[in-house]
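Q: Going down the list, the sequences are from chains S and Z. So for the first sequence, the working numbering puts the first residue at 2; every next one is plus one. So for the second sequence, the working numbering puts the first residue at 13; every next one is plus one.
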Amino acid sequence: MGLELYLDLMSPPCRWVYMFAKKNNIPFEHKQMVLAKGEQHSEAFAKVNQLKKVPALKDGDFTLAESTAILVYLAQKHKTADHWYPSDLQKRARVDEFLAWQHTTLTMNNGRLMMMKTMAPMLLGHPVPAEKVDAAVQELNMSLKQMEEKFLQDKTFLTGEEISLADLVAFTTAAQPLGGGPDILEGRPKLIAWRQHVEAEIGEELINEMNQVMEKAKAMLGGPVDPAMKEMMKAYLQKML
Amino acid sequence: MGLELYLDLLSSPCRAVYIFAKTNSIPFEYKEVTLMKGEQLSEDFGKVNPLKKIPALKDGDFTMSESVAILLYLAEKYKLSDHWYPANLEKRAKINEFLFWHVNVIRSLIGKDFWLKILVPTVLGRTAPAEKLEAVEQEFSAALDQFEKTFLQGKTYISGEEISVADVLSLCDLIQATCTGQNIFEERPKMAAWRRNVESHIGMELINEAQKVVLNAGSYSKDSMDSKGVEWLTARARLLLS
């Protein structure tokens, strides 16, 4: 039995694992999970990841959670090109630094805003108060500013002149919205240029494929949602808001 | 000019870096960045870390931040004993998994708990709403359950029979939680046993030295703050309560 990746492509951390594996031709069985239907709470999945979160990896008997840990594991196990996770000490430290930084800043703030704009109205039956959305927008803008001024600066990619895991992670958050929604990078030419470089590296084919799988994942959201799951998500949302 | 570590021992990630460097006899210059005086906001420090956060490291022209990344950098640069951050792929991956989970889940809850129970009352002069406190406590308890069941699992150390960066990082954070009256170790014997293992490996002299500041409540009283400190702490406290 080969590598299995448990992913819900609606979740950005799952997307960056998927993209990395595909880009590097790492063979894997895609185990599709639908969080909105509570599939992460199944007993079977608990054997893969006790934390009941995606993404999760199963490689023979070895299981692993946490998207950034998974990315580093795949890079090292499959000996991907050095630039993804450089062997040079300081170059690697730059990548580690970004991977550590992003979770409670860029990724969390973007996730919160997405949730306020899409899921919350759906689940709570009413839009989120404007001040809360505005505050979330401000937090995200702060993260983008930090990303540009501390990490990108005048480089081509976030940690140097070659693409790395850091760019893949940030790209998923900053990617052009499907179906023409507002672009979070609007008004930030440096970041837009960076995004174009990342897109060129990843390649049109993989980007199109990602868009297609996302459309499919979105479609899976339709239909009945496990009522207990719905309650849990409502409670989670209310806490967050 | 050698390695410089920019720290305030009031902060748990700083303590982790401090203890890790000292226990491995890594020579460094200690650069104090006093949080209660808002020194992390200074222009000078901004040159070391534009994100204006500690811990931060300067090694010649190279600067970096984020405690997890710093620990890994030190482990590799000084070619420390393998157990700190094993070369074995799967062992390393499991430590990475823990490090990221811990920082994202436990550390953020400990931070909230500390702010809500100690810093908010100190700077705003009122207690945080009971529901907020309860919510954090509940989540924290659930996170500790996960710590014990998923990660520690009754082993001597988090990654097995040998100490690693995971143990240093997480113990420093968990001690911070005891400052707000969380009786983690009294209530959880397996965690208490693990704590004893980590402390005996590192040695109580270094542990006490590193924790002297945070275990002294006077370190984060209003008297220890100057106007800059009060300003940023107040802004953050208000944000947390909103």
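No residue lacks a Cβ here, since even glycine has one placed at the ideal position from N, Cα and C.
Below 8 Å between beta carbons: does that hold for L15 (chain Z) and D94 (chain Z)?
A: On the second sequence, residue 15 (chain Z) is found 3 positions in, with the first residue counted as 1. On the second sequence, residue 94 (chain Z) is found 82 positions in, with the first residue counted as 1. No, they are not a contact pair.
Q: Below 7 Å between beta carbons is the criterion; list the residues of the stretch 54–82 of chain Z that meet it against any residue of chain S, in chain order.
A: P62, L63, F74, M76, S77, E78, V80 and A81
Q: With M76 (chain Z) as the anchor, note down where its alpha helix (DSSP H) starts and where it stops.
A: Taking the second sequence and counting its residues from 1, the one referred to as residue 76 (chain Z) is at position 64. Note, M76 (chain Z): premise wrong, no alpha helix (DSSP H); beta strand (DSSP E) at F74 to S77.
Q: Return helix, strand or coil for L15 (chain Z), following the three-state DSSP convention.
A: On the second sequence, residue 15 (chain Z) is found 3 positions in, with the first residue counted as 1. In the structure shown, L15 (chain Z) sits in a strand (DSSP, three-state: E or B).
Q: Return yes when the Cβ of V49 (chain S) is within less than 8 Å of the Cβ of D9 (chain S), no when it is not.
A: Walking along the first sequence from the start, residue 9 (chain S) turns up at place 8. Walking along the first sequence from the start, residue 49 (chain S) turns up at place 48. Cβ distance not < 8 Å, so D9 (chain S) and V49 (chain S) don't count as in contact.
Q: Any beta carbon of chain S sitting closer than 8 Å to that of N116 (chain Z)?
A: Taking the second sequence and counting its residues from 1, one reaches residue 116 (chain Z) at position 104. True, the Cβ-Cβ gap to chain S drops below 8 Å.
Q: Got a sec: is the Cβ-Cβ distance from N36 (chain Z) to anything in chain S below 8 Å?
A: As a position in the second sequence, residue 36 (chain Z) is number 24, starting the count at 1. Taking Cβ atoms only, chain S never reaches closer than 8 Å to N36 (chain Z), which makes this a no.
Q: Could you pull out every residue in the same chain whose Cβ sits closer than 6 Å to the Cβ of V199 (chain S), ignoring the five residues on either side in sequence?
A: Your numbering for residue 199 (chain S) matches position 198 in the first sequence. For V199 (chain S), where only same-chain residues beyond five positions count, the Cβ hits under 6 Å are D168 and F172.
Q: Among all the DSSP beta bridges, which residues are the ones paired with L69 (chain Z)?
A: Working through the second sequence from its first residue, we reach residue 69 (chain Z) at position 57. BP columns for L69 (chain Z) point to Z:L17 and Z:M76.
Q: Strictly by DSSP, which residues pair up with Y42 (chain Z)?
A: Here residue 42 (chain Z) corresponds to residue number 30 of the second sequence, with the count starting at 1. In DSSP, Y42 (chain Z) forms a bridge with Z:L17.
Q: Name, please, each residue of chain S whose Cβ falls closer than 9 Å to the Cβ of Y85 (chain Z).
A: Position 73 of the second sequence, counted from the start, is the residue given in the question as residue 85 (chain Z). Those are L90, Q91, R93, A94, D97 and E98, listed as they occur along chain S.
Q: Are the C-beta of K146 (chain S) and some C-beta of chain Z separated by less than 8 Å?
A: The residue labelled residue 146 (chain S) in the question sits at position 145 within the first sequence. It does not: the Cβ of K146 (chain S) has no partner Cβ on chain Z nearer than 8 Å.
Q: By the 10 Å Cβ neighbour count, where 16 or more other Cβ atoms means buried, how is E1 (chain S) classified, buried or exposed?
A: The structure shown has nothing for residue 1 (chain S), since chain S only spans 2 to 242.
Q: Is the Cβ-Cβ distance between M11 (chain S) and A236 (chain S) less than 8 Å?
A: Position 10 of the first sequence, counting from 1, holds the residue named residue 11 (chain S). Position 235 of the first sequence, counting from 1, holds the residue named residue 236 (chain S). Not a contact, by the Cβ cut-off of 8 Å.
Q: Which complete alpha helix (DSSP H) runs does the stretch 25–57 of chain S hold, if anything under 4 residues is left out?
A: If we require 4 residues or more, the alpha helix (DSSP H) runs fully inside the stretch 25–57 of chain S come out as 44–49.
Q: My assumption, with CB atoms under 8 Å, is that V96 (chain S) sits in contact with S165 (chain S). Please give the rounded CB distance.
A: Taking the first residue of the first sequence as 1, we reach residue 96 (chain S) at position 95. Taking the first residue of the first sequence as 1, we reach residue 165 (chain S) at position 164. Contact flag correct, Cβ pair sits at about 5 Å.
Q: With a cut-off of 8 Å, does the C-beta of N100 (chain Z) fall near any C-beta of chain S?
A: Position 88 of the second sequence holds residue 100 (chain Z). No, because no Cβ of chain S sits closer than 8 Å to the Cβ of N100 (chain Z).
Q: Rounded C-beta distance between D125 (chain Z) and V148 (chain Z)? I'm assuming under 8 Å.
A: Here the question's residue 125 (chain Z) lines up with position 113 in the second sequence. Here the question's residue 148 (chain Z) lines up with position 136 in the second sequence. Their Cβ separation, rounded to whole angstroms, is 5 Å, which keeps D125 (chain Z) and V148 (chain Z) in contact under 8 Å.
Q: Which complete alpha helix (DSSP H) runs does the stretch 199–250 of chain Z hold, if anything under 4 residues is left out?
A: 201–214 and 216–223
Q: Name the chain Z residues whose beta carbon is nearer than 7 Å to that of Y74 (chain S)?
A: Here residue 74 (chain S) corresponds to residue number 73 of the first sequence, with the count starting at 1. The contacting residues are L101 and A105.
Q: Could you please give me the residues that DSSP links to I66 (chain S) through a beta bridge?
A: Here residue 66 (chain S) is taken as the residue at index 65 of the first sequence, counted from 1. As written in the sequence, residue 66 (chain S) is Ala, which differs from the Ile given in the question. Answer is S:A57.
Q: Do the CB positions of P62 (chain Z) and L17 (chain Z) come within less than 8 Å of each other?
A: For the purposes of this step, residue 62 (chain Z) is identified with residue 50 of the second sequence, where counting begins at 1. For the purposes of this step, residue 17 (chain Z) is identified with residue 5 of the second sequence, where counting begins at 1. Contact flag unset, no.
Q: Take the Cβ of S233 (chain Z) as the centre, count every other Cβ of all protein chains shown within 10 Å, and call the residue buried at 16 or more, exposed below.
A: Taking the second sequence and counting its residues from 1, the one referred to as residue 233 (chain Z) is at position 221. Per the 10 Å Cβ criterion, exposed.
Q: Where does the unbroken beta strand (DSSP E) through E5 (chain S) begin, and where does it stop?
A: Looking up residue 5 (chain S) in the first sequence gives position 4. L4 to L8 is the extent of the beta strand (DSSP E) around E5 (chain S).
Q: Nearest to R119 (chain Z) by CA position, among S:H104, S:N110, S:I27 and S:L90, is which residue?
A: As a working mapping, residue 119 (chain Z) is identified with position 107 in the second sequence. Selected option, being the one with the closest Cα: S:H104.
Q: Return the bridge partner residues of Y169 (chain Z) from the DSSP annotation.
A: Along the second sequence, one-based indexing puts residue 169 (chain Z) at 157. Partner(s): Z:G172.
Q: Helix or strand or just coil, what does DSSP make of A155 (chain Z)?
A: By one-based count along the second sequence, residue 155 (chain Z) stands at place 143. Helix.
Q: Do you know how far the Cα of E109 (chain Z) is from the Cα of T157 (chain S)?
A: Mapped onto the first sequence, residue 157 (chain S) falls at position 156. Mapped onto the second sequence, residue 109 (chain Z) falls at position 97. If I take the Cα positions, the gap works out to 29 Å.
Q: Classify P209 (chain S) as helix, strand or coil using the three-state DSSP reduction.
A: Locating residue 209 (chain S) in the first sequence gives position 208, counting from the first residue. It is worth fixing the name first, because residue 209 (chain S) is Asn in this sequence and not Pro. In this structure, N209 (chain S) counts as helix in the three-state DSSP scheme.
Q: How would you label H114 (chain Z), buried or exposed, when you count the other beta carbons within 10 angstroms and need 16 or more for buried?
A: Mapped onto the second sequence, residue 114 (chain Z) falls at position 102. Result: buried.
Q: Against H104 (chain S), what residues of chain Z qualify as contacts under a CB-to-CB distance less than 8 Å, listed in chain order?
A: Numbered from its first residue, the first sequence carries residue 104 (chain S) at position 103. Going along chain Z in sequence order, the residues near H104 (chain S) (Cβ under 8 Å) are F112, V115 and N116.
Q: Does the beta carbon of A236 (chain S) sit closer than 8 Å to a beta carbon anywhere in chain Z?
A: Position 235 of the first sequence, counted from the start, is the residue given in the question as residue 236 (chain S). Chain Z contact via Cβ: absent.
Q: Quick check: the Cα distance between E243 (chain Z) and E51 (chain Z), rounded to an integer number of angstroms?
A: Residue 243 (chain Z) sits at position 231 when you count from the first residue of the second sequence. Residue 51 (chain Z) sits at position 39 when you count from the first residue of the second sequence. Each residue's Cα considered, the two are about 12 Å apart.
Q: Does any C-beta atom of chain S lie closer than 8 Å to the C-beta of S120 (chain Z)?
A: Counted from its first residue, the second sequence places residue 120 (chain Z) at position 108. Closer than 8 Å: yes.
Q: So is Q239 (chain S) in contact with chain Z if we call contact Cβ pairs under 8 Å?
A: Position 238 of the first sequence, counting from 1, holds the residue named residue 239 (chain S). No - not a single Cβ of chain Z is within 8 Å of the one on Q239 (chain S).
Q: Measure the Cβ-Cβ separation of Y90 (chain Z) and A222 (chain Z) and say whether it is below 8 Å.
A: On the second sequence, position 78 is the one that residue 90 (chain Z) refers to. On the second sequence, position 210 is the one that residue 222 (chain Z) refers to. No, the pair does not count as a contact, with Cβ atoms beyond the cut-off.
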